[in-house]
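Going by the numbering used here, the first residue of the sequence shown is number 113, and it counts up by one from there.
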Amino acid sequence: MTAPTAPDKVAFRAWLPGFFALAAIWGSSFLFIKVGIREMHPVYVTLGRVGAGAITLLVVLAILRERLPRDPKLWLHSAVYAAIGIALPFTLFGYGEQRVSSMLAGIWNATTPLVVLPLAVLVFRTERMTARRGVGLGLGFVGVLVVLGVWQGLGGAHFTGQLLCFAAAACYGVAIPYQKRFFAGRPESGLALSAGQLLMATAQLAIVAPLIAGAPPVPTRLSGEVIASVLALGALGTGLAFVINMRNIRLAGASTASTVTYVIPIFAVLIGVLALNEHLAWYQPVGAAIVLVGVGVSQGMIGTRRRRREIPSGLAPVSESARV
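Put into structure tokens, the structure is as follows:
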């Protein structure tokens, strides 16, 4: 999905509060996941999240008097996207955070564009590889190795947790070009498309969750903290966040709005330190910085003055509406 660049005359104060609010909401999602999995299986945390997010977007659709998509073929594509871009990555992050800190999960989320670009070039043929992009990808994957701390040896639950978080980011890497290939240019609004995707994810998880995790948890046996975290994940991180992001695109332009990806790990780390007293090894934020520089180079945000009129391939705002 693309959107025109906003006029230069739009003041910072018009969109900057929403920009940082969005970064804070998505950055705090990793905290809410960490709290939710204390008492719930990761798959049920995801089910509660997407269900709450779907309800939130349906309410917004009703207020705006918009309709859900009617095209049956589009619903089939929505089912595919819901599985690989919502249900699976959300659940993988839950499994990952059983083994690693919420801060580290937030850092791994920032690696998504490094997976998006090769798939967009080689599989979906929606992008072209250039020398600049190749350099950015190489730099980004060096950052991944630094985050992993490969010189210390690999293995153990902590390493498995990191791989699960990277697998979640890789799912986004498949889903984003898929969405760009089959959803871009549709007459339906981004809000209606996202609501349909969340409804499909909710239906899928309602079938799969009992098979994986057994009977659902009894709400009365859950703490208020856990229930509030799951509802916040859905209503804020998967529902309201989409509305804020669309407003940011309208006011600041797609390219500017997409740079929120750079800020999300910062909020994830700050919230993890302040709320959960988590700690990072020195090389993990260093590796994250290298990853973000690589992403910036590969997306043309660093090292070029050419203005982009299109949303970067790895940072499509519509896909962001369903991301952690």
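Built from N, CA and C at the ideal position, the CB exists for glycine as well.
Since the structure is predicted, the reported quantities are computational estimates derived from the model, not experimental observations.
Run of the alpha helix (DSSP H) containing residue i, from where it starts to where it stops
i	result
Ile175	Pro154 to Leu176
Ile149	First-last for Ile149: undefined, no H or E at that position.
Gly403	Residue 403 is actually Val in this sequence, not Gly. Tyr395 to Ser410 is the span of the alpha helix (DSSP H), which, as asked, contains Val403.
Phe253	Ala243 to Leu260
Gln264	It is not in any alpha helix (DSSP H) - Gln264 carries neither H nor E in the DSSP assignment.
Ser214	Ser214 to Asn221
Val227	Thr224 to Leu234
Phe295	Counting along the chain, Phe295 falls outside any alpha helix (DSSP H), and DSSP gives it neither H nor E.
Asn360	Ala353 to Ala364
Ala340	Gly336 to Ala344
Thr332	Here Thr332 belongs to no alpha helix (DSSP H), and DSSP marks it neither H nor E.
Leu310	Gly302 to Ala325
Ile383	Val372 to Leu388
Gly206	Leu200 to Gly208
Distance between beta carbons of residue j and residue i, contact taken as under 8 Å
i	j	result
Gly252	Leu234	Actually they are not in contact, since the Cβ atoms of Gly252 and Leu234 sit about 16 Å apart, beyond 8 Å.
Gly248	Ser370	The pair is not a contact, with the Cβ atoms about 15 Å apart (cut-off 8 Å).
Leu310	Phe295	The pair is not a contact, with the Cβ atoms about 14 Å apart (cut-off 8 Å).
Pro377	Ala400	6 Å
Leu173	Arg298	Between Arg298 and Leu173 the Cβ distance is about 15 Å, and since that is not below 8 Å, they are no contact.
Leu392	Met215	6 Å
Leu229	Arg245	6 Å
Ala387	Leu143	6 Å
Among the options, the one whose alpha carbon lies nearest that of residue i
i	options	result
Pro331	Asp183, Met241, Val381 and Val157	Val157
Met413	Ile383, Tyr193, Val372 and Gly399	Val372
Pro129	Leu382, Ser370, Asn360 and Tyr374	Asn360
Leu200	Arg125, Thr168, Glu151 and Ala281	Ala281
Thr224	Gly165, Ala279 and Gly351	Ala279
Ala217	Leu382, Thr314, Gln309 and Phe354	Leu382
Val375	Gly349, Ala393 and Leu404	Leu404
Ala347	Arg150, Pro377 and Val171	Val171
Leu159	Phe202, Ala135 and Phe142	Phe202
Trp138	Ile339, Asn357, Leu231 and Glu239	Asn357
Gly148	Leu266, Leu303 and Phe205	Phe205
Ile339	Trp127, Ile145 and Leu134	Ile145
Arg333	Ser141, Leu229 and Arg150	Arg150
Ser141	Leu392, Gly349 and Leu386	Gly349
Arg237	Thr368, Arg293 and Ile402	Arg293
Asp183	Ala126, Ile402, Leu317 and Glu300	Glu300
Ala315	Phe271, Trp127 and Val192	Val192
Residue i, buried or exposed, once every other Cβ within 10 Å from all chains shown has been counted against 16
i	result
Pro429	Residue placement at Pro429 cannot be trusted, given a pLDDT of 36 that sits under 50; the coordinates are not used to answer.
Glu422	Because Glu422 carries a pLDDT of 43, less than 50, the predicted location of this residue cannot be relied on, and the following value inherits that uncertainty. Label assigned to Glu422: exposed.
Trp220	buried
Gln396	buried
Glu337	exposed
Thr242	exposed
Ser335	exposed
Leu188	exposed
Trp394	exposed
Gly255	buried
Ile175	exposed
Ala287	buried
Phe124	exposed
Ala269	exposed
Asn389	exposed
Arg240	exposed
Ala364	buried
Met113	Note that Met113 scores 40 on pLDDT, short of 50, meaning its location in the model is unreliable and no value can be drawn from it.
Gly165	buried
Leu482	The question about residue 482 has no answer here: the residues shown for the chain are numbered 113 through 436.
CB of residue i within 8 Å of CB of residue j, strictly
i	j	result
Gly384	Ser213	yes
Gln291	Gly197	yes
Gly163	Gly208	no
Val320	Arg161	no
Met152	Pro289	no
Pro181	Gly308	yes
Ala325	Ala194	no
Phe354	Ala136	no
Val258	Val398	yes
Leu169	Leu303	yes
Ala222	Val407	yes
Leu323	Gly285	no
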